[in-house]
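Start counting the sequence shown at 1; every next residue gets the next number (full-length UniProt numbering).
All C-beta atoms in this analysis are idealised placements derived from N, C-alpha and C, irrespective of residue type, glycine included.
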Amino acid sequence: MAGTTSKSLFTCEFCGEMFLKRSAYKMHYLVHDPSAGVYKCDECPRTFNFKSQYDSHTRTHRGDRPYQCPVCLKSFSEKFNLKTHERIHTGDRPFECPVCTKRFAQSSAVTTHLRVHTGERPYPCTICNKAFATSFTLSNHMRYHSGDRPFECPECRKTFSQKGNLATHMKKQHSMTISNMPVTSTPGIASLRAAAAASRILAVTASASGLGGRVLEREETC
Numbered sequence: 001m002a003g004t005t006s007k008s009l010f011t012c013e014f015c016g017e018m019f020l021k022r023s024a025y026k027m028h029y030l031v032h033d034p035s036a037g038v039y040k041c042d043e044c045p046r047t048f049n050f051k052s053q054y055d056s057h058t059r060t061h062r063g064d065r066p067y068q069c070p071v072c073l074k075s076f077s078e079k080f081n082l083k084t085h086e087r088i089h090t091g092d093r094p095f096e097c098p099v100c101t102k103r104f105a106q107s108s109a110v111t112t113h114l115r116v117h118t119g120e121r122p123y124p125c126t127i128c129n130k131a132f133a134t135s136f137t138l139s140n141h142m143r144y145h146s147g148d149r150p151f152e153c154p155e156c157r158k159t160f161s162q163k164g165n166l167a168t169h170m171k172k173q174h175s176m177t178i179s180n181m182p183v184t185s186t187p188g189i190a191s192l193r194a195a196a197a198a199s200r201i202l203a204v205t206a207s208a209s210g211l212g213g214r215v216l217e218r219e220e221t222c
């Protein structure tokens, strides 16, 4: 086990995840250790080396969220997620980009941000081969192919594939602002999830550098 360090950040050699503390890095390393996994989840294939990790994970299946933010009362299944969330209220940003010194509340955000400097786009679309820096932006893109439009205007019932397009529409057409809009289910969602999952699997082994492609069709925002 030999993680690289940069300005006090410990970087996983397998996935690029960064950690502020060596102890956190060592615990994360077990995710990549094939010999780890003493505790097996009965609901899914995941295994865990520590019972505390196993107990925390099983709460996600039961829907238990025992850790509550004292400021906004949002609840979480894991204490770590609560601590990370609390940085929204405190403004604490302990993780620094080693290139431009921009700071972030989560180590995973540093990993994603670094792709701005490296140009890495590890999530390719399985349909048009356009590549993206995050799985989130890939999932948004896949809606153009699947035809899924889960965001609905509460005034005129027009639907959109992107939340940002709905926000623009509501502001221009109805002089309204968007706030915690519910996502409606449409027939294309199953194919979207399947395609996005396939792309994430490809991203593990495929390099996205130089991949081209285009979006087949873009929707109007008004």
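- Annotation: Phe50 is outside any alpha helix (DSSP H) and is labelled neither H nor E by DSSP.
- Cβ contact annotation for Arg121 (same chain, cutoff 6 Å, sequence separation greater than five): Ala131, Phe132, Ala133, Ala208, in chain order.
- Residues Ser75 of the same chain have their beta carbon placed closer than 6 Å to that of Gln68, with the five preceding and five following residues left out of the count.
- About 12 Å separates the Cβ atoms of Met170 and Thr159, ruling out a contact at the 8 Å cut-off.
- A straight-line Cα-Cα distance of about 12 Å links Arg149 and Gly164.
- Counting only residues of its own chain and dropping the five nearest sequence neighbours on each side, Ile127 has a CB closer than 6 Å to the CB of His145.
- Around the beta carbon of Val110, 16 or more other beta carbons sit within 10 angstroms, so the residue counts as buried.
- Of the residues His85, Cys72, Gly91, His117, the one whose Cα lies closest to the Cα of Pro98 is His117.
- With contacts defined as CB atoms closer than 7 Å, Ser107 and Phe19 qualify as a contacting pair.
- Annotation: Pro124 to Asn140 spans about 12 Å, alpha carbon to alpha carbon.
- Bounds of the beta strand (DSSP E) holding Leu9 are 9-11.
- From the listed residues Tyr29, Ser77, Thr60, Glu13, the smallest Cα separation to Asp42 is found for Thr60.
- Non-local C-beta neighbours of Phe50 in its own chain, meaning closer than 7 Å and more than five positions away in sequence, are absent.
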